[in-house]
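Numbering (our numbering), first residue to last: 569 to 921. Ideal Cβ positions, reconstructed from N, Cα and C, are used throughout, including at glycine. Because the structure is a prediction, the values reported are computed rather than measured. Step one of this worksheet: look at the structure below.
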Amino acid sequence: MNGSLRPTPPTIAGPGTHRLAVGLAGLALGWVALYALNERLWGPLLGDLLGVDPSTRAGDAVRFLLYDVSKIMLLLVGMIFAVGLVRTTLRPERVRDFLEGKPLYLALLLAAVVGSVTPFCSCSSIPLFIGFVAAGVPLSVTFAFLIASPLVNEVAVVMMADAFGWRITVGYVVAGLTIAVFAGWVFSRFPLRGQVEEFVWTAPIARLQRDGRRPTLEERVEAARDEVREIFGRVWKWVIIGVGIGALVHGWVPESSFERFAGADNPLAVLAAALVGVPLYSNAAGVVPIGEALYGKGAALGTVMAFMMATVALSLPEAVLLRRVLKPRLLAAYFGAVAVGILIVGVLFNTVT
């Protein structure tokens with residue numbers, strides 16, 4: 569192990585590979601065209617073909633639902649596939665080799681960054697978490713990965729930039745990575761091996777390519793396609809539910825109705841928002857439309873961020889799955905550290921905005 573990501577031998581591209589590359593380029597252009605068309609489609613379609621007036625509350629809610637569901641589905645398919653192509657060469661033992669010898673703060677930051685480009689549902693990150701632990705990556709570093717994975721990801725960044733603007737999105741990303749790094753640093757201060765179920769340390773590192781061969785483009789496309797099918801199949805219903813709730817808030821809740829209870833002047837708003845978010849199992853794709861609608865109706869930015877972060881990072885299903893690999897004391901410490909970080913971020917954003 570030399571502390572770097574070693575290059576792997578290239579594979580020879582044949583005619584089939586070139587045709588596949590051209591096909592991927594065509595699909596990318598088609599995706600861009602559909603994404604651009606989606607913004608202009610629903611107003612005329614509802615008004616001219618279906619007779620729905622988008623200026624009414626019901627019409628506005630329906631337009632919001634159709635537009636946001638279509639936009640998010642396109643983002644899900646496109647971003648998961650693109651990142652999946654990159655991730656086909658990411659293996660736990662290579663991450664371990666790369667982090668070896670790095671200062672703790674840098675290892676934690678790199679792990680958090682890796683977490684931000686991995687599966688964006690916290691539950692789907694747990695198998696990778698187990699793989700990293702089994703490969704010998706320090707537990708504190710794997711916790712930074714596990715925390716950042718649902719909080720910060722490519723889909724969330726694109727969706728938040730569209731909904732809130734880049735200034736708020738950058739603040740959210742920095743806050744999420746800071747929570748992950750800080751929690752990892754806290755856990756590095758304690759001996760944790762005895763708080764992890766024993767099978768994690770002895771589990772075989774499955775599906776690792778030990779021959780060092782770089783996957784062909786065909787293999788990478790197949791893996792990325794399978795990842796789209798798996799993740800999309802898991803989260804599409806939550807997208808519709810989340811956008812549906814957002815559409816109801818967008819269409820029927822009066823302007824500024826949340827200012828009294830969820831505004832920056834309410835000291836308990838951040839805590840209440842985080843508590844409400846915990847039992848709601850969702851991911852960034854499902855929760856961002858709700859956050860956008862709440863923010864548009866007067867909820868304070870820090871309160872909205874606390875709600876979104878708690879929903880994706882402190883879900884009850886995640887706790888159930890993590891209990892299979894973490895003992896109760898470490899599980900409680902993990903959720904406590906993340907919760908404290910979320911509350912601090914919420915209060916800070918309410919203070920400075």
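Out of the options, state which residue places its alpha-carbon closest to the alpha-carbon of residue i.
i      : options                        : result
Lys865 : Val906, Leu592, Val796, Gly814 : Gly814
Leu707 : Leu898, Glu786, Leu836, Val908 : Leu898
Ala842 : Thr871, Gly591, Val855         : Thr871
Trp599 : Val630, Ala650, Gly627, Leu614 : Ala650
Ala900 : Ala751, Ala731, Leu672         : Ala751
Phe713 : Ala679, Ala840, Val726         : Ala679
Arg757 : Val838, Asp730, Phe711         : Phe711
Ile924 : Arg761, Lys805, Gly744, Phe632 : Residue numbering for the chain in the displayed model covers 569 to 921; residue 924 lies beyond these limits and cannot be assessed.
In three-state terms, what does DSSP make of residue i?
i      : result
Val811 : helix
Leu676 : helix
Thr585 : helix
Leu745 : helix
Gly704 : coil
Phe758 : coil
Thr879 : helix
Asp621 : coil
Lys670 : coil
Tell me which residues share the same chain as residue i and place their Cβ nearer than 8 Å to its Cβ, disregarding the 5 neighbours each side in the sequence.
i      : result
Asn606 : Tyr635, Ser638, Lys639, Leu642
Val789 : Leu588, Leu592, Leu653
Phe697 : Thr710, Phe713, Leu714, Val893
Asn918 : Ala832, Ala837, Val838, Ala868, Leu869, Gly870, Thr871
Assign residue i to buried or exposed, taking buried as 16 or more other Cβ atoms, counted over all protein chains shown, within 10 Å of its Cβ.
i      : result
Tyr902 : buried
Glu795 : buried
Val682 : buried
Thr624 : exposed
Ala593 : exposed
Pro718 : buried
Ala905 : buried
Tyr673 : exposed
Glu886 : buried
Pull up the DSSP beta-bridge partners for residue i, would you.
i      : result
Val764 : Leu894
Spatial neighbours of residue i within its chain, please: C-beta separation below 6 Å, excluding the five flanking residues on both sides.
i      : result
Gly652 : Ala792, Glu795
Pro857 : Asp636, Gly810, Val811, Gly814
Tyr863 : Val872
Please confirm whether residue i has its beta-carbon closer than 8 Å to some beta-carbon of chain D.
i      : result
Asp621 : Looking for chain D here will not work: only one protein chain is present.
So, for residue i: in the same chain, excluding its five sequence neighbours on each side, which residues have a beta-carbon less than 7 Å away from its beta-carbon?
i      : result
Val808 : The amino acid occupying residue 808 in the given sequence is Ile; Val does not appear at that position. The answer, listed in chain order, is Val637.
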